[in-house]
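Just so we're aligned: the sequence shown equals residues 1 to 544 in this note's numbering. Below is one structure, written out as structure tokens; comments come after it.
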Amino acid sequence: MSHLRDALLLDVGLALLTHLVFNRIEPLAPKFVVPLLALPPLIPLILLLEHFSAPTAFCFASGVFHTVFISSVVFYRLSSIHPLARYPGPTLLKLSTFFVYKKNVTGRRHLYIQKLHEKYNSDIVRIGPNELSFRDVASIAPIMGTHGLAKGPSYDGLMARAVIRPVVAWRDKAVHAERRLPWNRALNTSAIKDYEGSLTGRVAQLVDYLLARSGVEVDATEAIKFFSYDFMGDMAFGGLSELMRDGDVHGQTKVVQATKDTNLMRETIPWSTLYFPDGGIALRKAAVTMATDRIKKGNSRRDLFHYLNNEDDAEPTSPPLHIVVAEATLAIVAGSDTTSGTLTNILYLLMQHPQVYKKLQEEVDKFYPQGENAMNCDFHPDMVFMEAVINEALRLYPVVPSGSQRATQRKGMTVLSDYIPPNTSVRIHTWSVHRDPRNFYPSPNDFWPERWIIAEKPSSFMSEEPFIHNANAFIAFSFGPANCVGKNLAMKGMKMVLCHLLQQVNLRFAEGFDPDTWDAHVKDYFMLEVGKLPVIVTPRVSQA
Numbered sequence: 001m002s003h004l005r006d007a008l009l010l011d012v013g014l015a016l017l018t019h020l021v022f023n024r025i026e027p028l029a030p031k032f033v034v035p036l037l038a039l040p041p042l043i044p045l046i047l048l049l050e051h052f053s054a055p056t057a058f059c060f061a062s063g064v065f066h067t068v069f070i071s072s073v074v075f076y077r078l079s080s081i082h083p084l085a086r087y088p089g090p091t092l093l094k095l096s097t098f099f100v101y102k103k104n105v106t107g108r109r110h111l112y113i114q115k116l117h118e119k120y121n122s123d124i125v126r127i128g129p130n131e132l133s134f135r136d137v138a139s140i141a142p143i144m145g146t147h148g149l150a151k152g153p154s155y156d157g158l159m160a161r162a163v164i165r166p167v168v169a170w171r172d173k174a175v176h177a178e179r180r181l182p183w184n185r186a187l188n189t190s191a192i193k194d195y196e197g198s199l200t201g202r203v204a205q206l207v208d209y210l211l212a213r214s215g216v217e218v219d220a221t222e223a224i225k226f227f228s229y230d231f232m233g234d235m236a237f238g239g240l241s242e243l244m245r246d247g248d249v250h251g252q253t254k255v256v257q258a259t260k261d262t263n264l265m266r267e268t269i270p271w272s273t274l275y276f277p278d279g280g281i282a283l284r285k286a287a288v289t290m291a292t293d294r295i296k297k298g299n300s301r302r303d304l305f306h307y308l309n310n311e312d313d314a315e316p317t318s319p320p321l322h323i324v325v326a327e328a329t330l331a332i333v334a335g336s337d338t339t340s341g342t343l344t345n346i347l348y349l350l351m352q353h354p355q356v357y358k359k360l361q362e363e364v365d366k367f368y369p370q371g372e373n374a375m376n377c378d379f380h381p382d383m384v385f386m387e388a389v390i391n392e393a394l395r396l397y398p399v400v401p402s403g404s405q406r407a408t409q410r411k412g413m414t415v416l417s418d419y420i421p422p423n424t425s426v427r428i429h430t431w432s433v434h435r436d437p438r439n440f441y442p443s444p445n446d447f448w449p450e451r452w453i454i455a456e457k458p459s460s461f462m463s464e465e466p467f468i469h470n471a472n473a474f475i476a477f478s479f480g481p482a483n484c485v486g487k488n489l490a491m492k493g494m495k496m497v498l499c500h501l502l503q504q505v506n507l508r509f510a511e512g513f514d515p516d517t518w519d520a521h522v523k524d525y526f527m528l529e530v531g532k533l534p535v536i537v538t539p540r541v542s543q544a
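Next comes the structure, spelled out in structure tokens:
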């Protein structure tokens with residue numbers, strides 16, 4: 001009987017020791033995880049063979065070991081000794097990232113985390129076993145600023161733990177800074193000027209695409225997605241697709257979507273990429289083909305590939321092709337999605353608010369009367385209301401609504417007065433920050449572009465209500481050294497589209513479309529995704 005007791009104690013001890021190993025070292029690869037979970041129960045098995053048959057002894061040893069192991073993990077994550085115990089959050093989310101994924105897969109993560117901050121009345125909530133969400137604007141600079149945190153493990157998952165990854169996914173801050181250099185050259189003022197020819201052609205093609213469907217229902221979401229993909233293909237590879245002309249006959253957007261469909265699991269459960277197929281294989285193969293074709297044909301104009309491949313000889317050595325491919329692919333996926341989603345939201349908001357639509361169209365007509373070239377960017381700096389409309393749309397519908405994950409290292413850090421333990425993932429929850437009445441008031445949840453104009457002269461706000469406009473809380477293009485390097489190009493593209501579009505056409509919701517259901521189809525799958533936007537297009541001027 002003593003051998004049975006000894007076997008049981010040994011089994012329990014090994015389970016607790018294994019949990020300690022996982023807690024301290026966090027092994028992820030199957031070659032470590034499988035032995036750690038499979039081999040320890042074999043040790044007490046030797047003692048149990050005196051009392052049971054081999055199959056029974058194995059089941060007993062394995063059952064006790066794994067029951068104790070799981071119980072230990074559950075107890076630790078819910079107990080007061082856990083480093084994040086002081087922060088409020090749902091019990092299930094504290095237990096496992098599987099429950100986090102279950103919440104996130106609905107696409108309502110942005111709303112769920114916002115409600116958690118409100119429910120617990122806390123600027124910091126626990127949204128995972130080792131993850132915190134921040135809502136306080138004062139935490140933005142410490143977490144995301146120059147001396148802030150490196151990116152978190154979610155980027156390992158998003159990149160399927162690939163050694164070769166684009167600039168946005170590098171967790172090492174020094175490597176990120178180095179890899180960003182060609183991007184800075186590719187997206188400076190001079191380089192963006194080079195892209196204007198392609199941008200102008202694609203904007204004109206978009207408006208022609210819509211006018212060709214005048215009077216009939218057309219999905220503006222699809223039209224703008226095609227436009228964005230076509231332009232980003234021009235900008236990144238000197239020409240890639242003709243979706244506006246031919247439709248998606250080759251399934252190019254489907255390849256991109258297949259990658260995005262797996263992003264949420266890979267982001268939420270980074271180690272899952274070690275055990276499940278990588279959904280980005282087809283995209284990477286397509287990217288290699290694009291890059292090979294671009295090298296063969298060359299390019300008469302400087303495109304993004306020109307800078308990423310060091311064709312400008314700005315650096316002593318050129319990077320390997322696979323690095324260039326990873327970077328250029330990022331531009332197409334991230335650039336096309338972010339621009340198309342924001343433009344679609346802007347069109348929805350304009351049609352939902354006719355007075356804003358009219359005011360913006362009047363501003364367009366002021367600077368670009370009928371017959372003038374509305375794709376000339378010279379007047380963009382003077383178009384104050386257009387800037388306000390775009391900023392307000394980005395405030396309400398940020399591109400990455402739940403924020404970019406960061407993580408503390410071995411030493412941890414203090415954010416304001418709160419100590420964040422080592423190896424803790426954190427996020428600034430952009431959706432909550434942008435809609436916090438402490439940052440934007442009145443009407444923080446409403447589309448009110450005028451707030452951006454009033455902010456320049458607060459004394460012009462004629463109301464007894466307080467007016468609050470915290471510019472530091474607007475982080476639609478992220479913040480700090482890892483902010484969006486393509487901001488200026490994105491803004492130029494959106495302004496050009498809106499100017500030419502509003503000069504040439506009138507838009508209204510298609511019959512049967514309920515605009516009040518729009519938000520129900522806005523999804524947070526790391527990047528914001530929108531639903532269909534059925535519209536009717538009519539020309540403002542007679543088309544020759």
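C-beta: ideal position from N, C-alpha, C; glycine also. These numbers come from a predicted model, not from an experiment.
Integer-rounded CB distance, given that residue j should sit under 8 Å from residue i
{"i": "Met-265", "j": "Gln-205", "result": "Not a contact, Cβ separation roughly 36 Å."}
{"i": "Tyr-87", "j": "Arg-126", "result": "4 Å"}
{"i": "Thr-344", "j": "Val-530", "result": "5 Å"}
{"i": "Leu-501", "j": "Val-216", "result": "So it is not a contact: roughly 17 Å between Cβ atoms."}
{"i": "Phe-474", "j": "Cys-484", "result": "Between Cys-484 and Phe-474 the Cβ distance is about 13 Å, and since that is not below 8 Å, they are no contact."}
{"i": "Asp-166", "j": "Leu-330", "result": "Sequence inspection shows Pro at residue 166; the Asp mentioned does not correspond to that position. Confirmed, Cβ separation roughly 4 Å."}
{"i": "Ser-190", "j": "Met-235", "result": "Contact flag wrong, Cβ pair sits at about 15 Å."}
{"i": "Phe-58", "j": "Leu-45", "result": "6 Å"}
{"i": "Gly-128", "j": "Thr-97", "result": "6 Å"}
Cβ-based neighbour list, residue i, same chain, cut-off 7 Å, excluding 5 preceding and 5 following
{"i": "Gly-239", "result": "Gly-233"}
{"i": "Gln-543", "result": "With a pLDDT of only 44 at Gln-543, under the threshold of 50, the placement of this residue in the model should not be trusted; the figure read from the coordinates follows. Cβ neighbours of Gln-543 beyond the five flanking positions: Leu-211."}
{"i": "Leu-187", "result": "Val-485, Gly-486, Asn-488 and Leu-489"}
{"i": "Val-21", "result": "Leu-36"}
{"i": "Pro-466", "result": "Tyr-441"}
Cut-off 6 Å between Cβ atoms - residues of its own chain near residue i, not counting five sequence neighbours on either side
{"i": "Ala-15", "result": "Phe-65, Val-68 and Phe-69"}
{"i": "Gln-405", "result": "Gly-152, Ser-154, Ser-425 and Arg-427"}
{"i": "Arg-302", "result": "Asp-194"}
{"i": "His-110", "result": "Pro-401, Ser-402, Trp-431 and Asp-524"}
{"i": "Ser-546", "result": "Given a span of 1 to 544 for the chain in the structure shown, any question on residue 546 remains unanswerable."}
{"i": "Val-333", "result": "Val-256"}
{"i": "Gly-157", "result": "Arg-266, Glu-267, Pro-270 and Thr-273"}
{"i": "Lys-225", "result": "Ser-340"}
{"i": "Asn-299", "result": "Gly-238"}
{"i": "Leu-116", "result": "Val-125"}
{"i": "Ser-572", "result": "Since the first residue of the chain shown is 1 and the last is 544, residue 572 is not available in this structure."}
Beta-ladder partner(s) of residue i, from DSSP
{"i": "Glu-511", "result": "According to DSSP, which records beta bridges pairwise, Glu-511 is partnered with nothing at all."}
{"i": "His-469", "result": "Phe-440"}
{"i": "Glu-131", "result": "Gly-128 and Ser-425"}
{"i": "Glu-217", "result": "Ile-536"}
{"i": "Ile-420", "result": "Met-413"}
{"i": "Asp-524", "result": "Leu-528"}
{"i": "Ala-407", "result": "Ala-150 and Ser-425"}
{"i": "Val-505", "result": "Pro-539"}
Residue i versus the options, residue with shortest Cα-Cα distance
{"i": "Ile-468", "options": "Ala-490, Met-494, Ile-475 and Arg-438", "result": "Arg-438"}
{"i": "Thr-342", "options": "Ile-192, Phe-367 and Lys-487", "result": "Lys-487"}
{"i": "Ile-536", "options": "Phe-479, Asp-436, Leu-347 and Tyr-419", "result": "Leu-347"}
{"i": "His-380", "options": "Ile-420, Phe-367 and Ala-455", "result": "Phe-367"}
{"i": "His-250", "options": "Ser-71, Ala-286, Val-433 and Pro-30", "result": "Ala-286"}
{"i": "Ser-12", "options": "Ile-25, Leu-42, Pro-30 and Leu-28", "result": "The sequence shown places Val at residue 12, not Ser. Nearest C-alpha to Val-12: Leu-42."}
{"i": "Asn-423", "options": "Leu-20, Glu-26, Ser-2 and Val-21", "result": "Glu-26"}
{"i": "Tyr-419", "options": "Ala-54, Thr-56 and Ala-85", "result": "Ala-85"}
{"i": "Tyr-229", "options": "Ser-72, Glu-315, Gly-493 and Lys-173", "result": "Gly-493"}
{"i": "Val-356", "options": "Leu-92, Asn-376, Ala-393 and Ser-336", "result": "Ala-393"}
{"i": "Lys-119", "options": "Val-399, Glu-50, Trp-183 and Gly-89", "result": "Gly-89"}
{"i": "Gly-396", "options": "Glu-242, Ser-336 and Trp-518", "result": "Here residue 396 is Leu; the residue named in the question, Gly, does not match the sequence. The candidate whose alpha carbon is nearest that of Leu-396 is Trp-518."}
CB contact check: residue i to chain D, cutoff 8 Å
{"i": "Ile-164", "result": "Of the protein chains in this structure there is only one, and it is not chain D."}
Cβ neighbours of residue i in the same chain (closer than 8 Å, five flanking residues each side left out)
{"i": "Thr-221", "result": "Ser-340, Thr-344, Val-530, Gly-531, Lys-532 and Leu-533"}
{"i": "Phe-32", "result": "none"}
{"i": "Arg-540", "result": "Gln-370, Gln-503, Gln-504, Val-505 and Asn-506"}
{"i": "Phe-60", "result": "Leu-48 and Phe-52"}
{"i": "Asp-436", "result": "Arg-135, Val-137, Pro-444 and Ala-473"}
{"i": "Leu-132", "result": "Leu-84, Tyr-87, Ile-124, Val-125, Arg-126, Ile-420, Thr-424, Ser-425, Val-426 and Arg-427"}
Heavy atom of the ligand ATP within 7 Å of residue i beta-carbon
{"i": "Val-33", "result": "This structure simply doesn't include the ligand ATP, nor any ligand for that matter."}
Do three or more CB pairs link the region 347–361 to the region 434–448 at distances below 8 Å?
Contact annotation: the region 347–361 touches the region 434–448, with at least three C-beta pairs closer than 8 Å.
Specify whether the region 514–525 and the region 97–108 touch according to this definition: at least 3 beta carbon pairs, one from each stretch, less than 8 Å apart.
By the Cβ test, the region 514–525 is in contact with the region 97–108, since at least three Cβ pairs between them sit closer than 8 Å.
Between the region 383–392 and the region 356–369, are three or more C-beta pairs nearer than 8 Å?
Judged by Cβ distances under 8 Å, the region 383–392 makes contact with the region 356–369, as three or more pairs qualify.
Okay, do the region 410–425 and the region 311–330 touch, 3+ Cβ pairs below 8 Å being the bar?
Two segments are said to touch when three or more pairs of C-beta atoms, one from each, lie closer than 8 Å; by this definition the region 410–425 does not touch the region 311–330.
Is it the case that the region 323–332 contacts the region 308–315, given that we only count it when at least three CB pairs across the two stretches are under 8 Å?
A contact exists between the region 308–315 and the region 323–332.
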